[in-house]
Every structure is written in C-alpha cells, then in structure tokens.
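2 protein chains.
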Amino acid sequence: MSVTAAAGFRAIGVTAGLKDSGKPDLALVVSDGPDRTGAAVFTSNRVVGAPVKLSRAHIADGVARAIVFNSGGANVCTGERGLADAAATAERAARVLDLDARDVLVASTGLIGEYLPMDRLLKGIDDAAPQLGSTAEAAERAAEAIMTTDTVSKQAHARGEGYTVGGMAKGAGMLAPGMATMLAVITTDAAISPEAAQAALAEAVRTTFNRVDSDGCMSTSDTVVLLASGAAGTRPSAKEFTQTLHSVCADLARALVADAEGASHDIQLTVTGAHSEAAAEAVARTVSRSNLFKTAIFGNDPNWGRILAEVGTVPEEVAAFDPDDLDVTINGIMVCRGGGAHEPRERVDLAAHREVQILIDLGAGGHEATIWTNDLTHDYIHENSAYST
Amino acid sequence: MSVTAAAGFRAIGVTAGLKDSGKPDLALVVSDGPDRTGAAVFTSNRVVGAPVKLSRAHIADGVARAIVFNSGGANVCTGERGLADAAATAERAARVLDLDARDVLVASTGLIGEYLPMDRLLKGIDDAAPQLGSTAEAAERAAEAIMTTDTVSKQAHARGEGYTVGGMAKGAGMLAPGMATMLAVITTDAAISPEAAQAALAEAVRTTFNRVDSDGCMSTSDTVVLLASGAAGTRPSAKEFTQTLHSVCADLARALVADAEGASHDIQLTVTGAHSEAAAEAVARTVSRSNLFKTAIFGNDPNWGRILAEVGTVPEEVAAFDPDDLDVTINGIMVCRGGGAHEPRERVDLAAHREVQILIDLGAGGHEATIWTNDLTHDYIHENSAYST
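Chains as they are written, first to last, in this note's numbering: chain A, 1444 to 1832; chain B, 1444 to 1832.
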C-alpha cells in the first residue's frame, strides 16, 4: 500500500516502451477528490527539465488532480520542443481522464539532452488510464514504473488520526540537497487547504529528502508532489498532519539511501553541539561529500583524521567551533576527543553492519542535524561510468 | 635541478625510518644567503597540524633560513605534544645548522592523529646535515624524501633575467583549493624583499596550486614556502619575478595533477563568458567536484548533461547566466549549444588521450578561469580505501 493507501486515489504503471529494457516506464496517479488540493517541492537547480517548468506552473494555484510519471528520459535540455512534449503529455492525460490539463502534473527521469518518443509515451497514457485502480497491486505497479537504476521500489504509508498518508518514490544515488534525481508523490485523504499542504510538505521535505546526500550531485528533475483528496473527511491539525507526512517522507528517504547506487554502507552523520541547526547541517553535509572520508568507510577504516580535515574546511562564519574541542564517535567508540586521538580506532567495527553511525560534537552550542549518505565504492564507479554508454 | 638550481641553496633527503617502507622520509633545504628572505602560503583549513602552527609563527617576520620536511606522519591532531615535537624539530635543525630556531620552518605529511617517532626524526636531521649539497642529485634526493603516495618526484625550475627560480613539491590526489596535502618549497637567488616575496607567492599560488582540485578534499598541512637568497645579486621587477615564479608553480601544479592517485584522465575545465573571474572559478570548481561528471569521464562518456546539471547548482548570486545560453565543448566538439544538444556526442573521442579539455561558455561576460582536476576511478577507490589500514 502506498499511493492508494489513502481513500480517493487510483494509480497504475505500464510499459510504454520508453526504456530499452522493456520494463514498466509510465505511471499515473489520480486524485478522485472530493478535494483537489495539490502541493509540490522542486529541485533548486537552475537548469531544470521541461516537466519541472510545466508542473511548477500547473501547481501554482494549489490545485492538482493527477500526475504522469515517466522513466526512460528526463526531458531536460530539450528546449521548446521539450516544453511542447511536456504540455502534450499533460493534455493527453487530461483528455483520457476528463480533467483540466492545468490540473495535471508531469515528472520525468532518465538521460538528459534527448527527446522523448512522444508517440509511445502518449499511447502509454491511453493504455494506462483504463487500468487505474485503488488496490495495493495498482500502487505497486506505479512504484515499479518510476524506477531507473533503483533495485527495489520505494513505498511507505502511515495512519494519522482519522486519515492516511501514503507515498512512493524513486531514486538511487545522485541524491543531494534539493532531492537530486528523486521523484515522489505522497497522497492523503485528509482534508487540507493548499496553503497548509504546501507548508507541511516543505517542512517534511526539509528534514527528510533534503537531508539525504548520497553523492552531492543535484538533479535537474527532482519533484515531490502531495495530493490531498479529502475523502476521509478528517481535518487534522497542521502539527499532527506534518508529523504523519514527515514519517512517510522519512521512510521513503531512508529507502533511497539504502538503495544508493553501489553503496556498501549507509552512513548516518549527526553533528551535535552546533550554535544553530543550519551550522550543524552545513558541517554534516560537508563531511558527507568528502570522497576521502567515503572511501575510508568503504575500506571499513574509522579514519577520524579525514573527518576532522573536512570539518575544518567549513568557514567560521558558517559554523563556530574550536578545532581543539572536536569530538568524533564512530559506532559508539569515541575515537577523537578534544581534537586528538582518544579510544583506539581498532575498537570500531565497521565491517559488521551496513549502517554506520558517526557523531561529530562541535562543542559550540545546543543544536544538531543529521545527514544520510553512503560510502564511495567500486560499484558506484562502475554504475556511473557506464550509465549512458 | 630544482631547489638547488638557484645559487645559495643546499638540500638533501635521507631515510630517518619514519616510513615502514624504508624509503627516504626526511629532507632539508637550507638558504645560505646573503639574504634570508622567506614567504609562505598555508592551508586555509581550520584544523591544522602543529608544523603549520609553528611555521606560521616562524615566517611572520619574513625571515627563513631552512625548512625541515618529513613524510611518514603529519603531526596533526596531536595537541601540545605535537607542538612540542614540531618545536624540537626546528630546534635540532637550528643547532646542527648553526641557525636561530625561529628561522627554521617545519612541514610534515602523512597520517593524522599519530605522534611522530621523535628519536628517529631528530637522528635523521643529524644524519642529513653533513650530507647537504648544492648538486642536482642532492635536490633530487630531497624531492624523493617528501613523497608519500606520489609515484614520481616533482621538480621544476625557470630562468629569469639574471636569476633563477627552482622548486620541488609533493602531492598526489587530495588536491583541493587551499592546496590539500601539498608541500612545496621554491628557492630563488633573486634579491627580493619579504613583502615582495609574499605578494609574488600569493599571486602565483592563487592561479596554479589553488586551481588544482583533484578530489575536493583540503588537507590540514598544505604549505608552500619561498626562500630567496639574493645570491645572484639581481633585483627583478615584481611583475617579472611573479611571472617566473608563476611558471615554476604552474609546472609543479601540472605535475601534481598528472600524478593524482589512480586517475586515468587529467581534466582541464575552463569556464569562459563569466561576469567575473571569481564566477568562472566557482563554476569550474563546482563541476570539478561532481562525482557523476568525474565517473563519466572515467567511462570515456562525454556526458554534457551531467555538466549542465552541475553548473545549474551554482547560486545566481555567485555566477550570473541563463541556462538557455550555456555551451559545452569537449575536446573541440561543441556537444551542447544554447542549453541543448548540438554536435553528436559520438564525435568526442575521450579514450585517445589522458588529457581532456572541457570548455563551458556561460555567455554572460568576458571573464574566465581554469581548474585542473582528474577523473574518478577504481584505482582512486582502491588507494584511498586502503591507505591507513
């Protein structure tokens, strides 16, 4: 159960023939109301695909009824023709679903700089529409159709007080602030205003999807959409709804990390003792992007020196700390205390578990933040050097 | 010929037993004057080793007579004991060379967080001093003794009008702005004031060592020292001296790139059409740090979409450009024009040469900058996951 867990939604995934592999590559998610609330968060990249441009315009009024996903082509750097293709996609879905095209969003993922085979894509929409359903199987087929290098589909749901939130996502590697190459749709049957939906989504994304930083690369296509049908008739408080939404986003974000391309370790990097949450996040993100640190973890080497060297590159105006106050704890062993060696690094066992927990205490305040990242492995090099060839 | 190419300098490298391999690991470079001008540029990392702290203090007066290099241990994150060890190193060199300890600099490279075996290091200084010489062989031995993961020693020299500049450097991988894990000493027999020496060195480093960004990681120990003996009796203009110094620094920086850990391609990333040099540098540096871009080059894949996706992450306040104006040329083939596909990517042959030339035209002004980087390879992962274990 994911996007069909909440009442008032139908979904499906089909093979339109966009992928050479013949695997499912087109998904529809439709909100049957009675509400037609929509909210979205997009990549902060300045180079964005035609689907992001179109969807930004269509969601501006807080209304959305359906979303068309395709894998097998990102429709990015495709100029006027790409924009026309995205518009034609929304129009075809609107026609077969009897909606206004302005209430249809589009999200695409795949290679940049190539045109979509529109004849196959439009025929895929025609094929998909009659198969739409509200079963768990229909949701599973939708979640599979948005996969690219993902090895598993990502689905999650949670129950609030009198309503349900469910969602699906795709993404594996290329995950960075601004949700790189990550597409997700969250559905809920709660009754919620467009403004409340947007505020809740922005807050939930900020501390979940945007705290995943697998390889520091930000995509041109990232999209997270929230559709609210109101079918449950429940009107939750903003705080309670945001918590439920956060829990679904957190589950999906964690699943993205676990499926990052070629990773052998998931790394939870928590920075404490910061003078602000932003400072803690900046330090954690800086460390998460160090190739030397990430290769050390791949080698099961608790190399705290590389962590300190990376922390030291954060400018003073971004994060206050005294280098002689830094503590580093890896999987429960404080290997560095006060900027120098403490417990023997041999006590840290990195090989035993996929998950690695790293705590960096700046000793400069009471705020903290966590970034999830992955190690840098031979499989990452392999997958990403061969992707488009 | 490198550090002994200019008149008034002696050098040597010996095996002090700091490295398990038994290879040379301690070097001395001594200026015999008549001038005793010194200048230096250090890492901008906030976490710095004891040798950087000591050398910063000793060079503050613009006077330096000798520098002690050791590989086999960085003396970083070693607290008060590390500072005392660095001071003892300078004092021992001063005693055997009959100098003031405040005129001796120290530079160390190797693992972080471990104490140096001071008995062996001090005995190494005693052994080295009587062997100091001004031959090319003495300089070669010094250049070899500062190597860590380097596969070749790096030396360069250039002739100015009536004087000579020579230098040696160590570094391979871990090269980033602020000269990560890079040690270098440049010698000249020109007569030059401390202020002029510092200004010339800062300018030369800015556009050479600091434009090398192999893996985005910045070290805690980077040091570039300039010693001027005045033995040639020539007093060059600031402009002419800076040019000669720049040429030696550029040769050494290029040698560092060519020897980066595990790289199969050297990548020259030039950004043109920027509204300022700083904007061009920021865009080039951002692209140079993209693991997706760097793995694509390893795969000989001219994936310009990954370049555009990375350019798009540079904030507007840092670099002005319109995404629809971006051109990308790879090895002479303009694969992207006006933000979209142009010449077929199949025309780009990346496999034929180690060097790759990438031009990104922002179409937003008349400034440019170049960053040198490397591709991201299996060998990089191998070397850096196994380094300390």
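Here a beta-carbon is modelled for each residue, glycine too, at the ideal position from N, C-alpha and C.
C-beta atoms of residue i and residue j nearer than 8 Å
{"i": "L1414 of chain B", "j": "V1714 of chain B", "result": "The displayed coordinates of chain B run from 1444 to 1832. Any statement about residue 1414 of chain B would go beyond what the structure contains."}
{"i": "M1625 of chain A", "j": "F1652 of chain A", "result": "yes"}
{"i": "V1668 of chain A", "j": "L1548 of chain A", "result": "yes"}
{"i": "E1647 of chain B", "j": "T1685 of chain B", "result": "Going by the sequence as given, residue 1647 of chain B is Ala instead of Glu. Cβ atoms of A1647 of chain B and T1685 of chain B: closer than 8 Å."}
{"i": "T1447 of chain A", "j": "S1577 of chain A", "result": "yes"}
{"i": "S1664 of chain A", "j": "T1552 of chain A", "result": "yes"}
{"i": "G1783 of chain B", "j": "T1521 of chain A", "result": "yes"}
{"i": "V1791 of chain B", "j": "I1776 of chain B", "result": "yes"}
{"i": "V1472 of chain B", "j": "V1628 of chain B", "result": "yes"}
{"i": "A1748 of chain A", "j": "I1710 of chain B", "result": "Here residue 1748 of chain A turns out to be Gly, not Ala, going by the sequence shown. Going by C-beta atoms, G1748 of chain A is not nearer than 8 Å to I1710 of chain B."}
{"i": "H1718 of chain A", "j": "A1807 of chain A", "result": "yes"}
{"i": "A1674 of chain A", "j": "A1450 of chain A", "result": "yes"}
{"i": "V1754 of chain A", "j": "L1735 of chain A", "result": "no"}
{"i": "V1511 of chain A", "j": "R1479 of chain A", "result": "no"}
{"i": "P1679 of chain B", "j": "Y1606 of chain B", "result": "yes"}
{"i": "A1633 of chain B", "j": "T1592 of chain B", "result": "no"}
{"i": "A1703 of chain A", "j": "N1774 of chain A", "result": "no"}
{"i": "S1474 of chain A", "j": "L1670 of chain A", "result": "yes"}
{"i": "I1824 of chain B", "j": "I1824 of chain A", "result": "yes"}
{"i": "Q1574 of chain A", "j": "V1457 of chain A", "result": "yes"}
{"i": "I1455 of chain A", "j": "G1481 of chain A", "result": "no"}
{"i": "A1693 of chain B", "j": "V1655 of chain B", "result": "no"}
{"i": "V1730 of chain A", "j": "I1803 of chain A", "result": "yes"}
{"i": "T1488 of chain A", "j": "M1661 of chain A", "result": "Residue 1488 of chain A is actually Asn in this sequence, not Thr. Cβ atoms of N1488 of chain A and M1661 of chain A: closer than 8 Å."}
Paired residues, beta bridge with residue i - DSSP
{"i": "I1814 of chain A", "result": "A:L1712"}
{"i": "R1535 of chain B", "result": "The partner list for R1535 of chain B (beta bridge, DSSP) is empty, contrary to what the question assumes."}
{"i": "L1469 of chain B", "result": "B:V1457 and B:N1513"}
{"i": "T1666 of chain B", "result": "B:F1485 and B:L1626"}
{"i": "M1611 of chain A", "result": "A:Q1598 and A:V1628"}
{"i": "S1707 of chain B", "result": "DSSP lists no partner for S1707 of chain B."}
{"i": "E1480 of chain B", "result": "The residue you asked about is not Glu; residue 1480 of chain B is Thr in the sequence shown. Answer is B:V1506 and B:A1671, bridged to T1480 of chain B."}
{"i": "S1400 of chain B", "result": "Missing from the structure shown is residue 1400 of chain B; chain B here goes from 1444 to 1832 and no further."}
{"i": "A1717 of chain A", "result": "A:H1810"}
{"i": "S1474 of chain B", "result": "B:F1452"}
Start-to-end residues for the beta strand (DSSP E) that takes in residue i
{"i": "L1819 of chain B", "result": "Element bounds for L1819 of chain B: n/a, residue is neither H nor E."}
{"i": "S1731 of chain B", "result": "Element bounds for S1731 of chain B: not the beta strand (DSSP E) but the alpha helix (DSSP H), E1720 to S1731."}
{"i": "T1650 of chain B", "result": "Counting along the chain, T1650 of chain B falls outside any beta strand (DSSP E), and DSSP gives it neither H nor E."}
Chain B contact residues for residue i, given Cβ-Cβ distances below 8 Å
{"i": "C1692 of chain A", "result": "Going along chain B, no residue has its Cβ under 8 Å from C1692 of chain A, so there is no contact; the nearest lies around 22 Å."}
{"i": "L1554 of chain A", "result": "G1748"}
Within chain A, partners of residue i - CB distance below 7 Å
{"i": "F1741 of chain B", "result": "I1824 and S1828"}
9 Å Cβ cut-off: residues of chain A touching residue i
{"i": "S1662 of chain B", "result": "A1752"}
Proximal residues of chain B, C-beta to C-beta of residue i below 7 Å
{"i": "V1490 of chain A", "result": "L1751, A1752, V1754, G1755 and P1766"}
{"i": "D1702 of chain A", "result": "Chain B residues near D1702 of chain A: none, gap ~17 Å exceeds 7 Å."}
{"i": "T1738 of chain A", "result": "I1824, N1827 and S1828"}
Contacts of residue i in chain B (Cβ-Cβ under 9 Å)
{"i": "E1759 of chain A", "result": "R1489"}
{"i": "L1819 of chain A", "result": "N1734, L1819, Y1823, I1824, N1827 and S1828"}
Under 8 Å from the C-beta of residue i: neighbouring residues of chain A
{"i": "G1782 of chain B", "result": "V1490, C1520 and G1522"}
N-terminal and C-terminal residue of the alpha helix (DSSP H) that residue i is part of
{"i": "I1740 of chain B", "result": "N1734 to F1741"}
{"i": "T1687 of chain B", "result": "A1681 to A1701"}
Counting only runs that start and end within the stretch 1746–1806 of chain B, where is the alpha helix (DSSP H) found for 4 or more residues in a row? 1747–1754
Could you tell me which whole beta strand (DSSP E) segments of length 3 or greater appear in the stretch 1541–1608 of chain A? 1547–1551 and 1597–1603
Quick check on the DSSP output: what are the complete beta strand (DSSP E) runs of length 3 or more inside the stretch 1484–1525 of chain A, in order along the chain? 1509–1513
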